[in-house]
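Undergrad: Sequential numbering from 6 applies to the sequence shown in our numbering. Just so you know, even glycine gets a beta-carbon here, dropped at the ideal spot from N, CA and C.
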Amino acid sequence: MSALLAARLSPAAGAARRPAPAAARPLHAPAGMRAQQQQRPARGAALRAAASGDGHAGHAKLHDFCMTIPYGGLALLSGVLAMALKASGVGLLLLGAGALISAASVLSLRSWKGGGGSAPYTLACAGTAGWVAHQMWLRVSASVAPVPSGILLALSAALAAFCVYNVAAGGNPPPARKPAA
Numbered sequence: 006m007s008a009l010l011a012a013r014l015s016p017a018a019g020a021a022r023r024p025a026p027a028a029a030r031p032l033h034a035p036a037g038m039r040a041q042q043q044q045r046p047a048r049g050a051a052l053r054a055a056a057s058g059d060g061h062a063g064h065a066k067l068h069d070f071c072m073t074i075p076y077g078g079l080a081l082l083s084g085v086l087a088m089a090l091k092a093s094g095v096g097l098l099l100l101g102a103g104a105l106i107s108a109a110s111v112l113s114l115r116s117w118k119g120g121g122g123s124a125p126y127t128l129a130c131a132g133t134a135g136w137v138a139h140q141m142w143l144r145v146s147a148s149v150a151p152v153p154s155g156i157l158l159a160l161s162a163a164l165a166a167f168c169v170y171n172v173a174a175g176g177n178p179p180p181a182r183k184p185a186a
């Protein structure tokens, strides 16, 4: 924030906002618009400089296991509930998916704590959640318990998208370093 304020108050920033000579202006833009276009690079550079202190540069904003562990528990609970309601097919699907996602999540957490990469575990969670989303889509399309299937469809699709984002963004953020005493 202070870098942004300093960039706005410096004399060089004021000079960057002055309109260019008529010969340097493009012919297709009105004069007021050209002045705004000249401001944007300086403002964007100041914003990038202020944002460069982001501790998540090169990493996702959230750890994969922060989402996959609760989802795995929800899938397991949904599987148990489905089995209790005599829907053994979907119950077994959810129990298996919940167990697989929970195991991959715990392995991802252990790998992260050890300083290793967790992309294979995150991709396993993404694939499993995507498969559950597909199965729930088939159930919603067939009008078989559309509300609970629709809820699981939305959650599974969101988790699969999050896991893909996590891997594409560079993986989990590194553990916070403890200050030296």
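Excluding the 5 residues preceding and the 5 following F70 in the sequence, name in chain order all residues of the same chain whose CB lies nearer than 6 Å to its CB.
TA: Result list for F70: S110, S113, L114, in chain order.
Undergrad: So, with DSSP's three-state summary, where would you put H139?
TA: Of the three classes helix, strand and coil, the one that applies to H139 here is helix, per DSSP.
Undergrad: Quick check on K183: does DSSP put it in helix, strand or coil?
TA: In this structure, K183 counts as coil in the three-state DSSP scheme.
Undergrad: Helix, strand or coil for V149 per DSSP?
TA: V149 falls in the coil class under three-state DSSP.
Undergrad: Return the residue from the list A65, H68, T73, H64 that minimises the CA-CA distance to C130.
TA: When only C-alpha atoms are compared, the closest one is T73.
Undergrad: Using DSSP with H/G/I as helix, E/B as strand and the rest coil, what is I75?
TA: The identity of residue 75 in the sequence shown is Pro, whereas the question assumes Ile. Three-state DSSP puts P75 in a helix.
Undergrad: Counting only the same chain and skipping the five closest in sequence on each side, list residues whose C-beta sits under 6 Å from that of S107.
TA: So the qualifying residues of the chain are G77.
Undergrad: Give me the residue from G122, L160, L82 with the minimum Cα distance to Q140.
TA: Out of G122, L160, L82, L160 has the C-alpha closest to the C-alpha of Q140.
Undergrad: Report all residues from its chain with a CB closer than 8 Å to the CB of P180; omit the five preceding and five following residues, and keep chain order.
TA: Excluding positions up to five away in sequence, the list reads W117, K118, G120.
Undergrad: Could you pull out every residue in the same chain whose Cβ sits closer than 8 Å to the Cβ of L98, ignoring the five residues on either side in sequence?
TA: Cβ within range, chain order: G84, V137, Q140.
Undergrad: Where do the ends of the alpha helix (DSSP H) carrying K118 lie?
TA: Its alpha helix (DSSP H) spans residues 93–118.
Undergrad: If we ignore side chains and look at the alpha-carbon of each, how far apart do V152 and A166 end up?
TA: Near 21 Å, if we compare the C-alpha coordinates of A166 and V152.
Undergrad: Please classify G121: does DSSP put it in a helix, a strand, or coil?
TA: Note: G121 maps to coil in three-state DSSP.
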